[in-house]
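Residue numbers (the numbering used here): 5 to 632.
Below, the structure written as structure tokens:
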């Protein structure tokens with residue numbers, strides 16, 4: 005290996021917070037607090053906006069599990085940080101809804117707003133900004149999305165996830181996108197806005213084609229929110245459209261918001277259908293696996309990190325020299341853990357000073373828990389060359405190496421601890437609806453690890469309720485979607501529904517290994533006789549679980565199937581082509597730096613309307629987008 009070479013890969017690196025604003029990205033252990041928490045949330049993946057919807061930030065490749073993200077040393081000159089820039093997904097449905105919370109919380113209105121755009125209201129006063137697939141996107145809709153995207157990134161920056169200063173010109177702050185291109189944050193905002201619109205629109209058009217419509221509850225919500233918005237506009241002594249434009253973006257009207265949110269609801273509804281069973285034929289699976297089989301091999305390794313002084317060539321060389329000296333002392337995982345107080349000394353001090361650990365001893369213990377990891381052959385979180393080294397036949401167990409992350413100011417020390425192999429561990433996927441005795445309310449706190457005591461009467465009532473819910477399900481078409489919706493509406497395990505804010509839907513417990521769940525639950529789910537669509541009631545100490553069986557297979561097959569689904573989505577989204585209408589886009593909102601640290605009454609603070617065209621970059625918002 006070239007000692008001075010900074011490894012780089014095609015994909016962005018890790019979440020690394022600036023020193024002045026770093027926050028811990030705690031990765032909770034599986035079933036940390038409750039035996040049914042099969043997939044614990046991470047702050048890396050999701051920013052919880054409210055109790056119903058979540059915003060899902062770009063996440064091409066999560067940082068390998070560790071308790072706290074490292075805080076890089078401050079670099080002089082231009083700010084630059086690599087960001088994971090996969091398209092912003094609505095989780096799915098409502099990134100735009102969730103982000104509106106920031107506005108409406110101040111206004112005293114409910115968490116999102118859905119005006120009812122009647123005939124005669126101006127739908128598109130600013131012209132068509134984009135054509136996505138067959139759908140025309142108004143300038144007002146574009147500005148609405150844009151302000152939500154900007155605010156979303158700024159929220160994350162406040163938590164230390166991005167080196168982004170809201171008081172400085174966004175056209176003079178830089179970021180590296182997933183293609184390895186250095187672009188301005190101003191361009192990043194535009195790119196992500198177009199990505200988000202494309203993503204939502206692709207699901208909307210697919211939903212339309214499939215005959216998906218708004219539910220009665222969604223229509224009711226639209227009317228209720230319209231009434232609230234009208235009331236707020238009246239109190240402000242403004243017309244409805246004037247009020248909306250002020251709060252949600254230039255050229256945004258009641259009709260605009262209605263259209264945007266109706267489309268998002270249909271996208272949500274269709275997305276939920278795609279989260280239920282999508283058949284993968286043996287031929288499709290075998291063809292995909294044959295082409296990508298190497299991607300599903302895992303290799304075990306351990307790592308620790310040290311700060312990397314990138315101030316000058318001399319300081320870089322000194323840091324690399326020190327890293328190499330450390331490596332000569334590492335021959336096992338035990339050796340690596342012993343060296344944490346020395347190698348990670350600077351980071352430990354930061355974490356203690358930041359209040360993330362009570363003292364240095366606890367910081368060492370915390371970091372030690374996350375030393376051992378595995379990586380797949382397609383994971384380039386630490387650069388392609390690191391992955392290639394790990395999976396190279398010439399690299400033996402016990403070999404060591406390092407990776408220099410110059411952009412974020414770290415050097416990672418690695419030791420190989422295993423040989424590449426397929427993960428044959430059996431995992432299962434089920435949906436479940438939990439009925440708890442005693443308390444009929446949906447409260448995830450009822451699912452704590454503390455076993456509650458219930459009376460016979462309470463247990464009998466819970467059983468009766470579970471049987472009634474099962475009978476209700478049996479009156480439907482008995483599809484997976486039918487079961488998922490029943491779980492959404494009735495399950496006490498909110499962690500496995502969209503109400504829990506963890507990005508899951510319909511009581512889903514997927515890709516789960518033995519030992520993650522209570523015995524009764526697991527015995528039923530892992531029974532070899534199970535087949536897709538099997539339903540039964542299972543009793544555990546938590547209550548009665550109405551179970552719906554989906555699949556059981558080796559871990560590598562589960563991962564492969566997930567990738568097939570992901571590829572299907574990518575093809576659908578990419579197939580929804582984007583055309584940019586340059587005339588209208590000249591009037592589009594562009595983010596402006598805040599003049600002070602004080603915030604106004606609107607979440608769109610820091611953005612301006614049609615006059616704010618300075619700083620526009622020349623490149624297209626998305627690859628494949630064409631202008632007029």
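Backbone N, C-alpha and C define an ideal beta-carbon position, used for all residues, glycine too.
Please classify residue i: is it buried, with 16 or more other beta-carbons within 10 angstroms of its beta-carbon, or exposed?
i           : result
residue 529 : buried
residue 537 : exposed
residue 523 : exposed
residue 336 : exposed
residue 329 : exposed
residue 582 : buried
residue 547 : buried
residue 457 : exposed
residue 341 : buried
residue 167 : buried
residue 259 : buried
residue 481 : exposed
residue 527 : exposed
residue 634 : Here the chain has residues from 5 to 632 only, and residue 634 is not among them.
residue 239 : exposed
residue 316 : exposed
residue 502 : buried
residue 565 : buried
residue 332 : exposed
residue 290 : exposed
As a quick exercise: from the options, pick the residue whose alpha carbon is nearest that of residue i.
i           : options               : result
residue 569 : 519, 485, 288 and 270 : 288
residue 256 : 598, 593 and 240      : 593
residue 131 : 483, 596, 338 and 586 : 586
residue 505 : 189, 516 and 492      : 492
residue 484 : 510, 341 and 182      : 510
residue 327 : 244, 396, 416 and 369 : 416
residue 400 : 383, 423, 134 and 382 : 423
residue 519 : 478, 466 and 429      : 429
residue 232 : 219, 248 and 220      : 248
residue 308 : 411, 212, 376 and 226 : 376
residue 223 : 238, 262 and 253      : 262
residue 397 : 381, 411 and 410      : 381
residue 425 : 241, 299 and 543      : 299
Have a look at residue i and residue j and give me their C-alpha separation to the nearest angstrom.
i           : j           : result
residue 4   : residue 303 : Lying outside 5 to 632, the shown extent of the chain, residue 4 is not represented and no answer is given.
residue 556 : residue 567 : 16 Å
residue 176 : residue 596 : 11 Å
residue 228 : residue 371 : 49 Å
residue 419 : residue 362 : 29 Å
residue 194 : residue 173 : 15 Å
residue 347 : residue 464 : 58 Å
residue 525 : residue 325 : 53 Å
residue 192 : residue 154 : 9 Å
residue 378 : residue 297 : 17 Å
residue 254 : residue 136 : 21 Å
residue 284 : residue 314 : 49 Å
residue 359 : residue 411 : 25 Å
residue 437 : residue 584 : 45 Å
residue 558 : residue 517 : 10 Å
residue 251 : residue 589 : 20 Å
residue 354 : residue 319 : 20 Å
residue 531 : residue 488 : 21 Å
Quick one: residues in its chain with C-beta nearer than 8 Å to the C-beta of residue i, no 5 flanking neighbours on either side, listed in chain order?
i           : result
residue 474 : 539, 541 and 550
residue 571 : 292
residue 267 : 139, 204, 205 and 208
residue 246 : 237
residue 216 : 270, 273, 274 and 277
residue 471 : 541
Near residue i, which residues of its chain fall below 6 Å by C-beta distance, leaving aside the five closest residues on each side in sequence?
i           : result
residue 534 : 553
residue 469 : 439
residue 207 : 271, 274 and 275
residue 427 : 302, 559 and 560
Between residue i and the rest of its own chain, which residues show a CB-CB distance below 7 Å, the 5 nearest in sequence each way excluded?
i           : result
residue 149 : 100, 197, 200 and 201
residue 515 : 431, 433 and 562
residue 234 : 244
residue 512 : 435 and 500
residue 466 : 439, 440, 441, 547 and 548
Handout entry: Uninterrupted alpha helix (DSSP H) stretches inside the segment 131 to 217 (no shorter than 4 residues)
Key = 143 to 162 and 189 to 213
Practice task
Tell me the start and end of each unbroken beta strand (DSSP E) in the segment 273 to 345 that is at least 3 residues and wholly inside, in chain order.
Solution key: 301 to 311
Handout entry: Segments of 4+ residues assigned as alpha helix (DSSP H) that fall wholly inside the segment 539 to 565
Key = The qualifying runs do not exist here; there are none.
Practice task
May I have a chain-ordered list of the beta strand (DSSP E) segments no shorter than 3 residues that lie completely inside the segment 376 to 446?
Solution key: 376 to 380, 404 to 409, 414 to 420 and 430 to 439, all fully within the segment 376 to 446.
Practice task
May I have a chain-ordered list of the alpha helix (DSSP H) segments no shorter than 4 residues that lie completely inside the segment 239 to 266?
Solution key: Within the segment 239 to 266, the runs of alpha helix (DSSP H) at least 4 residues long that lie entirely inside it are, in chain order, 244 to 252.
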